[in-house]
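Colleague:
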């Protein structure tokens, strides 16, 4: 995606929504610009000061206003913005670009973006894989909130389109800025590497010269006649001194001393620094909670789950590696099911099967469980896999009078029989809501579950039961209520619900 200049990005945002960004209170607090920058009083004096930009006169503000309006009405605003020759908008274009570029540093927008990247655990060298790592999604939500507040989101907590476009422009520009910095750093490191190599070659040459001198000293000390010519280059006083070292014992002592000196002078490759991190921590009582599955193979784990086809119920078996296809659209599902499509396999790994088994085991007993795998190893798939398996297990019990796999002799402790026909409530921070929606749609096949967002302000949720819940055709157990943590404080039915609930934070998931 090409980098769009910040002055043009602001014009594009204002074109889509005339109230953005200059009428937004959060943006005003960041920039201290309390209205359209080109605003002015119609007093007829063009030399008077403009309303919101101290550097501009009324005449200059009028030129900027004309340029902005011409950009908005142009057939190709980007082309009109980038004109290099002096046209009627030259003064307004130049004034606008200079003011935005100068003010951007004062507003410290780049610093805000950098801080959000750091808070999200994303370093500059991670940015080329933003899409694959799903960093862009998390950062975009945080950035939209910091720049525009509540106005950046719809009632469903999704970023409104024009602000999403503006935020994406900032992210692309940031990536380009980081890339330039990394390129400069790379060039600097290469120069320093060459300098170190040259210095190292000189050092080695000096060491070799010193070695030759020491060898000459040894030869003279031993009175080696084969190297007598080499000792002729030594000072006479030194030759005389060495001639007096007549005893064998003294020569051996000198040889040992010189060899020790040589060993200290020659750099030893492969030196390793060993650091002892032991802190006398007693971890003997620590358990992973899944020791019973340590010796089970992947095939045996599928048997334990009662899934002989070796795939999770209701799950997709393929996914789009570029995340460009909507898997819950009719066209997207057809694309995923087409063997010719460039998809990638989507299947749980051994540790995820173990996690799902443990989650089911605790769910049947009605006991809580904390899923505390490391970052990036697939906790979300395990959580969605639990939801899918519980729905499958309920249907299996209804038809066969028992659960599948290793749970055939088990009953649901809460009911004394089958799993209750109740929906699942997933509660996450608002900034992870969109990511959870995307992940659920990535894992579950289209039309197998209904996902109902429960977010936003109380007034926006007043019609939720009649407009959302009652329109679902899926049985309750195949409904997922995707709520945010800030709604639980004001909704008693959520706080006191006996539904299957998952409280989701950045690094942990608890059912």
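Numbering (our numbering), first residue to last: 16 to 526.
C-beta: ideal position from N, C-alpha, C; glycine also.
1. Once the 5 residues before and after residue 285 are set aside, which same chain residues still bring their CB inside 7 Å of it?
2. Identify the residues that DSSP records as bridge partners of residue 468: which are they?
3. In whole angstroms, give me the CA-to-CA distance for residue 548 and residue 454.
4. Please classify residue 335 as buried or exposed, where buried requires at least 16 other C-beta atoms within 10 Å of its C-beta.
5. My output table needs one value for residue 49: the three-state DSSP class, helix, strand or coil.
6. Buried or exposed: which applies to residue 55, given that a residue is buried once 16 or more other Cβ atoms fall within 10 Å of its Cβ?
7. If contacts are defined as beta-carbon pairs under 8 Å, then residue 492 and residue 437 qualify, I think. What distance do you get, rounded to the angstrom?
8. In this structure, how does DSSP classify residue 34 when only helix, strand and coil are distinguished?
9. Are the CB atoms of residue 497 and residue 452 nearer to each other than 8 Å?
10. For residue 283, is the classification buried or exposed, using 16 other Cβ atoms within 10 angstroms of its Cβ as the cut-off for buried?
11. Quick one: Cα of residue 424 to Cα of residue 166, how far?
12. What's the C-alpha gap between residue 162 and residue 152?
13. What three-state label does DSSP hand residue 459 in the structure shown?
14. Counting Cβ pairs, one atom from each stretch, are 3 or more of them under 8 Å apart for the segment 322-340 and the segment 378-391?
15. With distance defined between alpha-carbon atoms, name the residue in 188, 457, 486 nearest to residue 337.
16. For residue 385, does the three-state DSSP call read helix, strand or coil?
17. Rounded to whole angstroms, how far is the Cβ of residue 46 from the Cβ of residue 109, which I believe are closer than 8 Å?
18. Residue 409: which of 127, 378, 302 sits nearest, CA to CA?
19. Check residue 194 in the structure and name its three-state DSSP category.
20. Near residue 256, what residues of its chain come up, given a Cβ to Cβ distance below 8 Å and the 5 sequence neighbours on each side ignored?
21. Where does the unbroken alpha helix (DSSP H) through residue 88 begin, and where does it stop?
22. Of the residues 230, 464, 428, 449, which one's Cα is nearest the Cα of residue 173?
23. Out of 62, 125, 179, 132, point me to the one whose CA is closest to residue 35's CA.
24. Need the endpoints of the beta strand (DSSP E) that residue 441 sits in, please.
25. Distance, Cα to Cα, residue 49 vs residue 156?
26. Please go through the segment 99-134 and give each complete beta strand (DSSP E) segment of 3 or more residues, from N-terminal end onward.
27. Sorted by chain position, which residues of the same chain lie with C-beta nearer than 7 Å to residue 82's C-beta, five sequence neighbours on each side aside?
28. Does residue 333 come out as helix, strand or coil in the three-state DSSP assignment?
Modeller: On the basis of the supplied data:
1. Within the chain shown, the letter at position 270 stands for residue 285. In this predicted model, residue 285 has a pLDDT of only 45, less than 50, meaning its place in the structure is not dependable enough to derive any value.
2. Residue mapping note: residue 468 aligns to position 453 of the chain shown, counting from 1. According to DSSP, residue 468 bridges with 497.
3. Examination of residue 548 is not possible in this model, given that the chain is present from 16 through 526 alone.
4. To locate residue 335, count along the chain shown from 1; it is residue 320. By the neighbour-count rule (16 or more Cβ atoms within 10 Å), residue 335 is buried.
5. On the chain shown, residue 49 is found 34 positions in, with the first residue counted as 1. Coil at residue 49, not helix or strand.
6. Taking the first residue of the chain shown as 1, we reach residue 55 at position 40. Buried, because 16 or more other Cβ atoms sit within 10 Å of the Cβ of residue 55.
7. Mapped onto the chain shown, residue 492 falls at position 477. Mapped onto the chain shown, residue 437 falls at position 422. Correct: roughly 6 Å between the Cβ atoms.
8. On the chain shown, residue 34 is found 19 positions in, with the first residue counted as 1. It is coil, neither helix nor strand.
9. Against the chain shown, residue 497 aligns to sequence position 482. Against the chain shown, residue 452 aligns to sequence position 437. Yes, Cβ-Cβ distance for residue 497 and residue 452 is below 8 Å.
10. On the chain shown, residue 283 is found 268 positions in, with the first residue counted as 1. Reliability of the predicted coordinates at residue 283 is poor, the pLDDT of 42 falling under 50, and the value obtained from them is presented with this limitation in mind. Under this definition residue 283 is an exposed residue.
11. Taking the first residue of the chain shown as position 1, residue 424 is located at position 409. Taking the first residue of the chain shown as position 1, residue 166 is located at position 151. A straight-line Cα-Cα distance of about 54 Å links residue 424 and residue 166.
12. Mapped onto the chain shown, residue 162 falls at position 147. Mapped onto the chain shown, residue 152 falls at position 137. Their Cα atoms are separated by approximately 16 Å.
13. Taking the first residue of the chain shown as 1, we reach residue 459 at position 444. Looking at residue 459 - three-state DSSP - the assignment turns out to be strand.
14. no
15. As a first step, residue 337 is located in the chain shown; it is residue number 322 there, counting from the start. Nearest option by C-alpha distance: 457.
16. Translated into the one-based positions of the chain shown, residue 385 becomes position 370. Strand, per DSSP.
17. In the chain shown, residue 46 corresponds to position 31, counting from 1. In the chain shown, residue 109 corresponds to position 94, counting from 1. The pair is not a contact, with the Cβ atoms about 20 Å apart (cut-off 8 Å).
18. As a position in the chain shown, residue 409 is number 394, starting the count at 1. Ranking the options by Cα distance to residue 409, first place goes to 378.
19. In the chain shown, the residue the question calls residue 194 occupies position 179. Note: residue 194 maps to helix in three-state DSSP.
20. Translated into the one-based positions of the chain shown, residue 256 becomes position 241. Residue confidence for residue 256 is low, a pLDDT of 47 falling below 50, so the modelled location carries little weight; the figure read from the coordinates is stated next. There are no such residues.
21. Taking the chain shown and counting its residues from 1, one reaches residue 88 at position 73. Note, residue 88: alpha helix (DSSP H), 73-88.
22. For the purposes of this step, residue 173 is taken as the residue at position 158 of the chain shown. Of 230, 464, 428, 449, the residue nearest in Cα terms is 449.
23. Position 20 of the chain shown, counted from the first residue, corresponds to residue 35. When only C-alpha atoms are compared, the closest one is 179.
24. Along the chain shown, read from residue 1 onward, the residue named residue 441 stands at position 426. Unbroken beta strand (DSSP E) run through residue 441: 439-443.
25. Along the chain shown, read from residue 1 onward, the residue named residue 49 stands at position 34. Along the chain shown, read from residue 1 onward, the residue named residue 156 stands at position 141. Whole-angstrom Cα-Cα distance: 24 Å.
26. none
27. Residue mapping note: residue 82 aligns to position 67 of the chain shown, counting from 1. Same-chain partners within the cutoff: 104, 107, 108, 111.
28. Reading the chain shown from its first residue, position 318 is the one you call residue 333. If DSSP states are grouped into helix, strand and coil, residue 333 belongs with the strands.
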